[in-house]
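The structure under discussion appears below in the form of structure tokens.
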Amino acid sequence: MRRTRTIQVVSLITAAALLVGATALTPAINRQRLDLHLTYDIQTGDDTPATYSLLAACLGSFRGILANWAWYRIEMMKRDGDLYEANQLAGVITTLQPRFPQVWSFQAWNMAYNISVITKTPQERWDWVNKGIRLLREKGIPNNPKSIRLYHELAWILFHKMGQFSDDMNWYYKLQWAIEWEELLGAPGDGATSEQVAERMRPIAQAADRYFIFNRPPHEVRLMLERIAGDHAELEETVEGLFDIGSVRLQERLGRVRGQILRVDSELVDELNTIDGLVADQVERAAVDPLTLLERDFPAVSPVLAAMAQNGVEPDTAFLRAIGKNLIYARYYTYDALVEQANRGQLSPERQVALGLMLDRRYFEGLTRVIAFLRARAIWTEYRMDPQHMLRLIEKYGPMDWRHPAAHAIYWASLGVERTRVVFDQDRFDILNTDRNVIHGLQVLMFTGRLTHDPFMGSVDLLPDPRFIPSYEKAVFEGSERAGDVDLDRKGVISQFESGYENFLHKAIEFSYFYGDVEMAQSYYTKLRDRFGDKHGDRRYELALDEFVMAQMVMSKDMRQNAIALIDAMITRGLAEGLAKGDVENFARRLEIAEEMHRWYQGERDYEVPNAPRQRLQLEPFPVMLQKSYAAYMRQPTIPVVVKARTYAATPMPLRARTYGGFRAVLEEQCVAQGFAFERAFPVPEGFVPPEAVEPGAEPETPATVERQ
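Mapping of the sequence shown onto full-length UniProt numbering: position 500 corresponds to residue 500, and the numbering continues sequentially without gaps.
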């Protein structure tokens, strides 16, 4: 009896101790669950798949046990090299635990980096890389919008796997990406200013806000709330809680906090009334079919939609891409050639209908609105991207070209930093690693941001874009400040930013100098001397500007991208300072230097890395590089047509004939806009043969092409 009583007492004491221990550990466990995003968020739960809800109800707590078993099996499969099977099993875990970022990260990485490299054809490899991107963009991040890890992972795949040159198929990835986004958004125009690119993006951002985005406050409301929070520090926490909720909840929450806001500042009553009106309008719009609302806003849209319906064409993304294909063709040829193709029955039904609408001035206003509407819908609903954020990046950093993978890396990295703003694990440096993706992306745009896509030749050329020099410098300083704010200098972060800034100054000087802005080059050289001149005791910094640039050129021309940049810059300066001024000797001298750099690089590559993949390391033949640089120069909208006419008149006839088709359509539009007769200023050169009309972006079908998920 006494023994039984002792057992009961000991059991009670043990149970009480375990209960106390569990209670003490609960806060730490909850914090870890929040950090790992294993909790259910009612905001993101709105889009929870039915499959997840069903499994959660049926399996209950056994769902975690099944997920643990699946993770164990994945690790075993990775060890044994069963990557396809591991990928399939990872898909099961994403269904069981869609709020667990690590499984999305693993699956995307496995697709983009592991499975892709064991496939045989460029199409197969691109399919798997693109699947990894789409998995994070369309599923992983929407299910885990506060996971900085996933934003970093997606930005890194775009920046490194697609944007860099380590993968033998990187040019194929870049080409497919350029085709996809040029069909969707068009090309920004060679040399377009930030203002011009922003003006093209603004109608799309406005359409997205008005017709599709209802899970956050309208753009005008957000600006007003940010102003209130900025003017009243005591309201900052209250106001920030209104940023990431849908229109109906926002309307309810505003009613509850209205009194609190007015107690702090009674003069905000008019501003709050305006906010209430805008939110009420958003709630009303959310209940209306977007196309109906578009027709109500712009009556000119109705005839366009009626003409499409009459021809059996839906206002969807397929029709938008048909318009995009027509624009690409007209950009490189002419609308007359496009009409000839339509008359021969060589266009798809969607492209024929699109062409008819594009050429009929009666539909101009309505078609413009429809295109903006369809672009906004595709970006928001299919690509899960926010056109308003895209517009903010253009306004902040410069003329982003969305055909360039680095622009998307910057988008996702900056969005991740903006949405999270918390370092969940300082040992992982999640925020700062993602922040670096913004800096690296801008660096890539500075080095290769001038993208020229020739869909008929199946090529993409990447050249330096000095327009991003100030933006990159600004991002380096902002990143350095954020690193200091989170006290990570102990890890050497600040010194890394300093080293990056010094390297930036070197490139800013080179690009400014070679692309003709000697004044900017001198200002950056002064910064370099003032900040780093005494730090390293580097005697190069004592040289004159010209001598310093030449020394840098000798040191860096053995790198492929640097060689391309220097050759293009030398050709461009020869055109601007030689042919445009009638100085043929100047042009010939710079051309000789460019060709010598080309010969030197090719000779070094053949000697140093004889077994390396030549597709990745070898430059194009010099005549091809010359022709592309010349065509890009003639397309630049910032160069006056009269200057181009002088350049063209002094250009040798063979070079005219080989490049005429590459700039004719674009330059003809510029001549019309500036009041010049194109045929007189730029007559067809002797020996010009129009390229054979082919479908842009066409590629041979292959049975090995993997079906998209």
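Ideal placement from N, C-alpha and C gives every residue a C-beta, glycine not left out.
Check: Going along the chain, which residues of its own chain have a beta-carbon closer than 6 Å to the beta-carbon of A594, five neighbours each way excluded?; Outcome: I567, M570 and I571
Check: Alpha carbons only, please: which of M625, Q561, Q102 and S348 is nearest the one belonging to residue 712?; Outcome: This structure cannot speak to residue 712, because the chain is shown only from 1 to 709.
Check: Figure out for me which residue from I379, M385 and P652 has the closest Cα to the Cα of Y630.; Outcome: P652
Check: Considering D454, what are the terminal residues of the beta strand (DSSP E) in which it resides?; Outcome: R450 to D454
Check: Along the chain, which unbroken stretches of the alpha helix (DSSP H) at least 4 residues long are found entirely within the stretch 527 to 584?; Outcome: 545 to 556 and 560 to 577
Check: State buried or exposed for W69, treating a residue as buried only when at least 16 other CB atoms are found within 10 Å of its CB.; Outcome: exposed
Check: Taking DSSP as the reference, what is the three-state secondary structure of D276?; Outcome: helix
Check: For S602, which residues from the same chain have a beta carbon less than 8 Å from its beta carbon, with the 5 sequence-adjacent residues on both sides left out?; Outcome: The identity of residue 602 in the sequence shown is Gln, whereas the question assumes Ser. Closer than 8 Å at the Cβ level, and outside the excluded window around Q602, lie Q618 and L619.
Check: Quick check: what's the CA-CA separation for E547 versus A565?; Outcome: 19 Å
Check: With DSSP collapsed to three states, give me the class of V370.; Outcome: helix
Check: Between the beta-carbon of L96 and the beta-carbon of M77, is there less than 9 Å?; Outcome: no
Check: Does the pairing of the stretch 497 to 512 with the stretch 458 to 470 give three or more beta-carbon distances under 8 Å?; Outcome: yes
Check: Quick one: Cα of G533 to Cα of V518, how far?; Outcome: 20 Å
Check: Out of curiosity, what's the CA-to-CA distance linking P399 and R392?; Outcome: 11 Å
Check: Could you tell me the alpha carbon to alpha carbon distance between I74 and V129, rounded to whole angstroms?; Outcome: 20 Å
Check: Could you tell me which residues DSSP puts in a beta bridge with D168?; Outcome: In the DSSP output, where bridge partners are listed per residue, D168 has none listed.
Check: Taking buried to mean at least 16 other C-beta atoms within 10 Å of its own C-beta, is P188 buried or exposed?; Outcome: buried
Check: What residue from V643, P637, H598 and R531 has the CA that sits closest to G578's CA?; Outcome: V643
Check: Quick check on Y72: buried or exposed, where buried means 16 or more other Cβ atoms within 10 Å of its Cβ?; Outcome: exposed
Check: To the nearest angstrom, how far is it from the Cα of A198 to the Cα of A67?; Outcome: 46 Å
Check: Can you tell me the Cα-Cα spacing of R344 and L338, whole angstroms?; Outcome: 10 Å
Check: Give me whichever residues DSSP pairs with V248 in a beta bridge.; Outcome: BP columns for V248 are empty, so no partner.
Check: Do D401 and L347 have their C-beta atoms closer together than 9 Å?; Outcome: no
Check: Tell me which residues share the same chain as Y648 and place their Cβ nearer than 8 Å to its Cβ, disregarding the 5 neighbours each side in the sequence.; Outcome: M634, R656, A681 and F682
Check: Going by beta carbon distance, what residues of the same chain come within less than 7 Å of A521, once the five residues before and after it are set aside?; Outcome: I509, S512, Y513 and L545
Check: Hey, would you say P405 sits closer than 9 Å to W104, going by beta carbons?; Outcome: no
Check: Taking C-alpha atoms, which residue in E85, E183, L415 and Y541 lies nearest to K325?; Outcome: E183
Check: Is the separation between the beta-carbon of residue 750 and that of R285 shorter than 9 Å?; Outcome: Because the chain here runs from 1 to 709, residue 750 falls outside it and cannot be looked at.
Check: Can you list, in chain order, the residues of its chain with a C-beta nearer than 6 Å to that of E138? Leave out the 5 residues immediately preceding and following it.; Outcome: R384
Check: Would you say the stretch 409 to 417 touches the stretch 225 to 244, given that touching needs at least three Cβ pairs under 8 Å?; Outcome: no
Check: Per DSSP, what kind of secondary structure is L463 in: helix, strand or coil?; Outcome: strand
Check: On the DSSP letters alone, give me the boundaries of the alpha helix (DSSP H) that E620 sits inside.; Outcome: That residue, E620, is in no alpha helix (DSSP H); it is neither H nor E in DSSP.
Check: Within 10 angstroms of its Cβ, does E314 collect 16 or more other Cβ (buried), or is it exposed?; Outcome: exposed
Check: Got a sec, what are the start and stop residues for the alpha helix (DSSP H) A233 sits in?; Outcome: No alpha helix (DSSP H) holds A233; DSSP gives it neither H nor E.
Check: In terms of residues, what are the limits of the alpha helix (DSSP H) holding R656?; Outcome: M653 to Q674
Check: Thinking C-beta only, is H453 closer than 9 Å to L175?; Outcome: yes
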